[in-house]
Amino acid sequence: MTTHRLIRLPLASLLACAALSATAQGLRIPPAPAATAAPAPSARGAEAQKTADYIVAVVNSEPITSHQLRTEVQRAVRQLAQPPADERELVAQVLERLIADRTQLHFARESGIKVDAAAVDEAEQNIARQNQIELEELQRRLVAEGIERTQFRNQLRDQLILSRLRDREVNQKVRVSELEIDQFMREQQQIQNGPASELNLAQVLVALAEGASAAQIAAAQAKAQSLMERAKAGEDFATLARQQSDAPDAQSGGEFGMRRADRYPELFITATRGLAAGALAVARSDAGFHVLKVLERRSGSMPASSVVQTRAAHILLRPAPQFSEAAAMQKLADLRKRVLAGQADFAALAKENSQDGSAAQGGDLGWASQGQFVPEFEEAMNRLSPGQLSEPLMSRFGAHLISLTERRTVQLSPRELREAVRSIVRERKTEDAFVSWAKEVRSRAYVEMREPPG
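Start counting at 1 in the sequence shown, then tack on 11, and there's your number in the numbering used here.
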C-alpha cells in the first residue's frame, strides 16, 4: 500500500497557506458545560444581530459572512493554549484559511472528488475515539457547544475532500532523491558532532593510580574491555556501574544525564562520536579507563536509531461506481465476523478478496515502522494488540480490515535508517510543495474582500 501523510501545519502558517482545521488534526472536544437557561434575546437585540451579519469576502461567487468568520475565530481561540497576542492578526489568519479552504473545495468539486456518508461516519467515529468518548457523548458535547451535527458532519466532509485533494495534487507528486538523503545526513552529522547536540552518557570507571605500572595499566584496560563485553552481552549497565565503577557517580548507575556535548570531556565526545543510542566504547584518561554507554542522543532531525515496528496484514476493498464505500465496509464487517467465529482464515480471505499487491501474501504488509502508513490506517493499527482484528475503516485508498500479527523493537539497519531519513525529507518537501500549491490555487480563484457596512 502506498504510504502518505496528512500535512499538519501550525496556526502561524495560516497566512501563507490553508492548514487543515482542528477536525482534520484530531479535534479535542471540551467537556460539556452544565446546562444553564440562556435569556431570550429581545426583538431589538435579534434584529441587531441579524443586521450585524455581513459579507466579509467572496470566493468564486461563494460568500464568507462575518458570522462564519466569528465562529471560526472562536474555535481557533479555544484550540490555543493561551489568548492570542494580536486578535486582529488571528482574525486575518482565520479569514485567510477560510478563503484558502473555499478555493481548494471549489477546485475539488471541479475535479470530481467526492466523499460519501460512510467515510464521514468513520471520521466521526475516529474523532470520538481520539477523545476517548462514545459517539453519543461526542454529539452531546457538540450540542452543548452550539454546533449542530449536520454542520459538524459537513465540516468533516469538507476536510476529507481537502485531504484527498491534497494527497492527489501534492503528496503523491513529491519525490526524494538519494542525493537529497545524503545531503540531509551530512548536515545532521555536522549538527550531531557540533556543540549544539545533546547527549546522555553513562560510565563505568576503572581507576588507575598516578604512576601506575605497565602491568597495572594492562590489567585495568583488560577489566574495562571485559566490562564492556558483559554489557554488550546484555548485562544491565547501571548494575555494572554500581558494582564495578570507581567513579563518584557509581550509585546512580553512572549516568551523567542529558547535557550539551560541550559539557562533556572532549575524549568522551571523541570516543562516542557517531555511535547510536545503546552503543558502547572505552576511553582512556588520566583517571583510568572509562567504559561509556550512549543512553540517548538528540541531534537535529535525525530519526531514532531504534524503532518499534509492527507487522500487520489487511484486506483492502476499493469502492467503485457499482460498489459504494458503504457496501465495502459491510462486506469487510461480514468477513470479520467469519474470522472471529473461526469459520475462515484471514490470510485465505485476503487472497480471495483483497484488491492490492499484498493479496498474494495473504494480506501481509511486512514489518513497518511508524509513519509508513497513512494516519487513519496507522491509528487503527496501533490500537490493536497482536492477534486482534480491527473494525472496518476507510482511508483514502479504500476500505480496510486489519489483522495485527506482532510488534518488536529493533535497531535500524543502514538501509532502514536511510528510509527513515527519506520520510523526514519527504515530509519537509511536502510541506513546502503544499504551500506553493495552495498559493497557486488561491491565485487562480476570484477573491473579493469586502469592507464592513457603514
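Glycine included, each C-beta is placed from N, C-alpha and C at the ideal position.
- In the three-state reduction of the DSSP assignment, Gly368 falls in the helix class, which pools H, G and I.
- When only Cα atoms are considered, Pro330 and Leu176 end up about 17 Å apart.
- Taken atom to atom, the span from the alpha-carbon of Arg151 to that of Phe163 is near 12 Å.
- Proximity to Arg429 across Ala68, Ala220, Val187 and Arg140 peaks at Val187, based on C-alpha coordinates.
- For Pro74, the enclosing beta strand (DSSP E) covers residues Glu73 to Thr76.
- Closest by C-alpha distance to Gln199, out of Gln354, Leu404, His78 and Arg284, is Arg284.
- When only Cα atoms are considered, Gln115 and Ala370 end up about 35 Å apart.
- Segment contact: the stretch 341-352 against the stretch 375-391, fewer than three CB-CB distances shorter than 8 Å; contact not assigned.
- The three-state reading of DSSP puts Phe300 in strand, counting E and B together.
- With respect to the C-alpha of Glu336, the residue from Thr321, Glu191, Leu404 and Gln354 having the closest C-alpha is Leu404.
- Judged by DSSP in its simplified three-state form, Val187 adopts coil rather than helix or strand.
- Straight-line spacing of the CA atoms in Asp443 and Ile435 works out to 13 Å.
- Sequence-distant partners of Trp378 (beyond 5 residues in either direction) whose C-beta falls short of 6 Å from its own C-beta, in its chain, are Gln320 and Arg322.
- When the beta-carbon positions are compared, Leu216 and Ala298 come within less than 8 Å of each other.
- Counting only runs of 3 or more residues that sit fully inside the stretch 321-399, the beta strand (DSSP E) segments are 375-380, in chain order.
- Inter-residue distance for Ile138 and Gln85 is about 20 Å (C-alpha atoms, whole angstroms).
- The way I'd put it, the stretch 119-131 doesn't touch the stretch 443-460; fewer than three beta-carbon pairs between them come closer than 8 Å.
- Residue burial is scored here from C-beta neighbours: Gly265 has at least 16 other C-beta atoms within 10 angstroms and is therefore classed as buried.
- With 16 or more other Cβ atoms inside 10 Å of its own Cβ, Thr441 counts as buried.
- Within the model, the alpha-carbon separation for Ile192 versus Ser424 is close to 15 Å.
- Taking 8 Å as the cut-off, the beta carbon of Arg270 is found closer than this to the beta carbon of Glu209.
- The stretch 225-232 makes no contact with the stretch 242-256, as fewer than three CB pairs between them are under 8 Å.
- When the Cα atoms are used, Asn211 and Tyr275 turn out to be separated by approximately 10 Å.
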